[in-house]
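Under my numbering, the first residue of the sequence shown is numbered 3, with each subsequent residue one higher.
Step one of this worksheet: look at the structure below.
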Amino acid sequence: MRSTSALMVLALATISLVPTAVVQGQEPEAGPPGKWVFETTFGAGAAGGAYGEFLEKPINFDINISKGTGAWRFGGGFQFGSMVMEPPYEDQKDFARFDTYVFARRLFNHGAGGRPYLECRVGLARMHARGELFYFDEPANLPSGASPTPFANGVSFTLRPGVELRLNDTIAVDLSAWWTGYKTSAYDLRPELNGPPDPPLSANDTASSGYEYGLRAGITWRPLARGVPPLPEPRVDPATGTLAPLPPPDGRRDAWGVPRSWGWATAQMLGINLTASMINEYVRNQNFTQISPRSWVDNFETGFTWDDNTFRGNQLIHPWNGAAYFNAARTNGIGFWGSAAMSIVGSQVWECCGETHPMSWNDMVSTGLGGIARGEWAYRLGNAIIDNTKKEGRVWREIAAFPVNPVGQFNRMVSGRATKVQGNPEDPYDWRPPSLGVQVVAGARVIGEGSSLSENTKAYGFAAGDVQYGNPFSNTRRRPFDRFDSTWQLNIGDSTPVGELTIRGDLASWPLGDAENPRHVVAIIQDFDYIDNEAYQFGGQSFGGALFSGYGMLRKTRLVTRLVAYATAGAAVNADYSFLAEVANRERYREYDYGAGFGLGAEAVLSRKGRPILDVRYRYSYIDVKNGSLWNPDLDDDGELYGSNATHQVHRFRARLNVPLTRQIGIGTEWTLFYRDSKYSLEKLQDRTQRNPEARLFLTWDWDLGHTRVRLPQPAGEQP
Numbered sequence: 003m004r005s006t007s008a009l010m011v012l013a014l015a016t017i018s019l020v021p022t023a024v025v026q027g028q029e030p031e032a033g034p035p036g037k038w039v040f041e042t043t044f045g046a047g048a049a050g051g052a053y054g055e056f057l058e059k060p061i062n063f064d065i066n067i068s069k070g071t072g073a074w075r076f077g078g079g080f081q082f083g084s085m086v087m088e089p090p091y092e093d094q095k096d097f098a099r100f101d102t103y104v105f106a107r108r109l110f111n112h113g114a115g116g117r118p119y120l121e122c123r124v125g126l127a128r129m130h131a132r133g134e135l136f137y138f139d140e141p142a143n144l145p146s147g148a149s150p151t152p153f154a155n156g157v158s159f160t161l162r163p164g165v166e167l168r169l170n171d172t173i174a175v176d177l178s179a180w181w182t183g184y185k186t187s188a189y190d191l192r193p194e195l196n197g198p199p200d201p202p203l204s205a206n207d208t209a210s211s212g213y214e215y216g217l218r219a220g221i222t223w224r225p226l227a228r229g230v231p232p233l234p235e236p237r238v239d240p241a242t243g244t245l246a247p248l249p250p251p252d253g254r255r256d257a258w259g260v261p262r263s264w265g266w267a268t269a270q271m272l273g274i275n276l277t278a279s280m281i282n283e284y285v286r287n288q289n290f291t292q293i294s295p296r297s298w299v300d301n302f303e304t305g306f307t308w309d310d311n312t313f314r315g316n317q318l319i320h321p322w323n324g325a326a327y328f329n330a331a332r333t334n335g336i337g338f339w340g341s342a343a344m345s346i347v348g349s350q351v352w353e354c355c356g357e358t359h360p361m362s363w364n365d366m367v368s369t370g371l372g373g374i375a376r377g378e379w380a381y382r383l384g385n386a387i388i389d390n391t392k393k394e395g396r397v398w399r400e401i402a403a404f405p406v407n408p409v410g411q412f413n414r415m416v417s418g419r420a421t422k423v424q425g426n427p428e429d430p431y432d433w434r435p436p437s438l439g440v441q442v443v444a445g446a447r448v449i450g451e452g453s454s455l456s457e458n459t460k461a462y463g464f465a466a467g468d469v470q471y472g473n474p475f476s477n478t479r480r481r482p483f484d485r486f487d488s489t490w491q492l493n494i495g496d497s498t499p500v501g502e503l504t505i506r507g508d509l510a511s512w513p514l515g516d517a518e519n520p521r522h523v524v525a526i527i528q529d530f531d532y533i534d535n536e537a538y539q540f541g542g543q544s545f546g547g548a549l550f551s552g553y554g555m556l557r558k559t560r561l562v563t564r565l566v567a568y569a570t571a572g573a574a575v576n577a578d579y580s581f582l583a584e585v586a587n588r589e590r591y592r593e594y595d596y597g598a599g600f601g602l603g604a605e606a607v608l609s610r611k612g613r614p615i616l617d618v619r620y621r622y623s624y625i626d627v628k629n630g631s632l633w634n635p636d637l638d639d640d641g642e643l644y645g646s647n648a649t650h651q652v653h654r655f656r657a658r659l660n661v662p663l664t665r666q667i668g669i670g671t672e673w674t675l676f677y678r679d680s681k682y683s684l685e686k687l688q689d690r691t692q693r694n695p696e697a698r699l700f701l702t703w704d705w706d707l708g709h710t711r712v713r714l715p716q717p718a719g720e721q722p
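The following block contains the structure:
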């Protein structure tokens with residue numbers, strides 16, 4: 003997956019039609035039939051016209067959303083297709099053709115098991131070559147990822163007769179024929195870079211029109227064939243005058259009253275991927291989005307490889323995309339584990355079918371697994387910001403939650419829940435847990451290289467924050483991410499604006515000894531790491547175990563320790579020879595190695611009246627390089643294995659001292675150390691070490707928000 007700022011807005015729109023569907027899909031009327039229809043079909047046939055003089059064998063797939071329960075349906079969608087060049091140019095890459103359209107479908111005998119129909123589509127057409135024959139410049143002369151071939155835009159019209167064969171209330175088989183005519187701007191058939199082809203592609207110098215026809219087959223799906231009854235009107239407790247909580251989840255709705263819908267979760271996941279392709283194609287003119295069933299087959303035949311994307315793209319943006327898939331499910335009423343599956347499935351759908359570049363192992367790990375931690379983090383924090391019971395200032399809460407969880411907030415907006423006054427979830431762990439602390443810091447940092455800060459010293463500003471969500475000892479519910487802690491950092495003046503995002507979440511935990519007042523707790527954990535600055539880079543997705551221990555040393559003073567051991571599914575660290583790595587479709591030199599490994603960690607936090615005073619943390623990571631150091635291991639002409647095995651041992655240490663000045667404000671100082679010890683098996687590659695000490699001075703702001711989650715409605719006339 004290519005890193006792109008455009009992808010950051012995908013969740014705002016999902017696809018242009020999906021959000022409209024969600025308006026009704028989130029709060030459907032009870033009983034069949036469902037109003038909204040999701041459809042995808044595959045087509046194959048023949049081509050004619052000016053484009054048909056040098057292109058043949060069109061194949062395509064489409065994805066549509068429409069509305070209608072009677073004789074008429076109205077909707078829109080995308081179609082991705084391609085054609086191959088006629089001999090003697092059949093070895094050139096396929097020629098892509100896209101349609102973005104709206105349509106109307108008239109069904110005849112719509113209540114029967116067999117439903118004949120006639121559909122008309124009107125859309126925007128785009129022709130885009132992929133073959134080297136059409137290069138207008140060498141890819142090396144263009145920005146990384148830019149398409150070296152021209153495109154032509156135009157309009158299209160499609161006539162589609164067919165029949166739906168009902169299988170049940172939800173599913174029908176769709177069989178049809180189609181004819182599409184399109185008109186575009188002139189496409190030059192004499193590329194300047196390669197000169198006029200010999201023999202010529204066509205009798206004319208340009209092509210601007212064509213048509214295709216053939217047969218289609220696919221599935222029509224009504225995701226909400228049987229709607230969930232609407233929630234009852236909010237109740238007000240007559241004794242307190244406060245809104246009653248939402249009903250507890252019942253299998254059909256989640257704690258926020260959102261109907262459980264795999265249909266709209268799937269539609270949004272696909273919408274995110276398809277919109278990503280369209281943005282990259284139409285806005286960024288990238289070279290990897292000319293997708294079609296042919297590119298799917300090519301990707302599966304090639305299998306998984308490694309990519310050369312930037313560190314930020316692979317380790318931060320890709321998990322953001324995975325979080326969008328995750329919350330497409332989570333904010334459609336689906337639980338944590340089902341949403342985790344959607345994150346992985348969404349990543350696979352993109353890798354195989356969202357781009358023409360080969361599928362990438364590292365993307366599957368960072369997007370799929372990283373998206374789980376990043377997605378639940380966004381879901382929990384976004385929910386903690388909003389408050390269904392508020393009228394005054396409500397819009398600002400909804401806006402504040404949007405950058406945290408765009409998909410969730412977008413669904414709240416289009417479903418009407420963003421403005422509907424009602425109760426919050428009954429269980430505080432579904433809204434704001436009894437323990438929630440936030441610390442924000444801002445100040446200056448200096449970082450050096452070598453044995454002291456005085457070597458190659460550089461100074462920067464920064465803003466950062468820590469979130470403590472839940473408590474390992476006092477949590478009364480221990481579901482995934484009912485307890486997590488997180489650190490974020492924004493750099494000022496450094497090479498990258500986002501300097502850090504770490505998430506440490508408990509997937510499950512068990513108190514040892516006294517269950518009501520345990521001193522020790524064991525947990526299964528998921529960790530997400532992203533650290534990026536001018537001096538070093540480190541990222542990874544890990545799973546393991548933790549032991550929390552708490553000690554009350556003096557009254558209101560407490561020491562909490564955490565010991566962890568973890569396995570890393572995929573880690574990335576800046577390295578010395580990674581630019582020589584074997585990477586499919588290389589467009590840039592990568593600056594970091596990839597590998598799996600393991601690690602250990604120890605932490606201790608001394609707090610006074612709930613505020614951290616002294617915080618000491620250490621993490622050790624061992625990374626066995628799978629792709630990066632020189633080239634992938636392979637066999638030479640003599641059958642001997644060659645290549646460069648490499649290992650990285652990474653040590654990270656942090657000690658922070660906070661001195662409270664007032665109830666919320668304090669001053670702090672911090673010292674950190676990053677140390678990398680890299681070993682390379684090939685004799686001509688020199689082993690390297692890297693040492694970067696760092697010192698910080700900052701102001702702190704602390705908020706203990708836990709009390710807002712356990713406050714109960716007060717009796718009439720009594721002050722809280």
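Virtual Cβ for every residue (Gly too), placed ideally from N, Cα, C.
- DSSP, reduced to helix, strand and coil, places residue 458 outside both helices and strands of the structure shown, so it counts as coil.
- As computed with DSSP, residue 190 is found in a beta bridge with 208.
- Note on geometry: alpha-carbon atoms of residue 380 and residue 192 lie some 51 Å from one another.
- One alpha carbon belongs to residue 105, the other to residue 121, and they sit about 7 Å apart.
- In the three-state scheme derived from DSSP, where H, G and I count as helix and E and B as strand, residue 96 is classed as coil.
- The residue among 84, 96, 102, 71 with its C-alpha nearest the C-alpha of residue 78 is 102.
- In the structure shown, the three-state DSSP call for residue 278 is helix.
- Beta-bridge analysis with DSSP links residue 695 to 675.
- A straight line joining the alpha-carbon of residue 415 with that of residue 405 spans about 14 Å.
- Ranking 472, 447, 478, 350 by CA distance to the CA of residue 466 puts 447 first.
- Going by DSSP, residue 573 is part of the beta strand (DSSP E) stretching over 559–576.
- Bounds of the alpha helix (DSSP H) holding residue 350 are 338–355.
- About 5 Å separates the beta carbons of residue 537 and residue 449, which is inside the 8 Å limit, making them a contact pair.
- In the DSSP secondary-structure assignment, residue 223 is bridged to 40, 173.
- Within a 10 Å sphere around the beta-carbon of residue 115 sit fewer than 16 other beta-carbons, which makes this residue exposed.
- Residue 370 holds the alpha-carbon nearest to the alpha-carbon of residue 572 among 99, 459, 441, 370.
- Around residue 504, the same chain offers 489, 531 as residues with beta carbons nearer than 6 Å, after the five sequence neighbours per side are excluded.
- Apart from the 5 residues on each side of it in sequence, residue 259 sits with its Cβ closer than 8 Å to the Cβ of 233, 248, 249, 419, 424 in its chain, given in chain order.
- The Cβ atoms of residue 148 and residue 311 do not sit closer than 8 Å to each other.
- With distances taken between CA atoms, residue 683 lies nearest to 626 out of 669, 657, 626, 672.
- By the C-beta density criterion, residue 235 is exposed, having fewer than 16 other C-beta atoms within 10 angstroms.
- The alpha-carbon of residue 614 is positioned some 47 Å away from that of residue 588.
- Put simply, the backbone Cα of residue 320 is about 49 Å away from that of residue 240.
- The residue among 282, 647, 354 with its C-alpha nearest the C-alpha of residue 304 is 354.
- Residues of the same chain with a CB within less than 6 Å of the CB of residue 474, apart from the 5 flanking positions on each side, are 485, 523, 550 in chain order.
- Counting the other Cβ atoms within 10 Å of the Cβ of residue 76 gives fewer than 16, which makes it exposed.
- The closest CA to that of residue 93, considering only 668, 100, 85, is found on 85.
- Secondary structure at residue 234: coil, using DSSP grouped into helix, strand and coil.
- Burial check for residue 556: the Cβ neighbour count within 10 Å stays below 16, so the residue is exposed.
- In this structure, DSSP gives residue 157 an extended state, which the three-state scheme calls strand.
- Pairing residue 330 with residue 274 gives a Cβ-Cβ distance under 8 Å.
- In the DSSP assignment, residue 299 forms no beta bridge with any residue.
- According to the DSSP assignment, residue 408 belongs to the alpha helix (DSSP H) that extends over 408–417.
- Each of 655, 686, 281, 46 was checked against the Cα of residue 673, and the nearest Cα belongs to 655.
- Excluding sequence positions up to five before and after residue 72, its CB lies within less than 7 Å of the CB of 112, all in the same chain and listed in chain order.
- For residue 50, same chain residues with a beta-carbon under 6 Å away, outside a window of 5 residues either side, are 213 in chain order.
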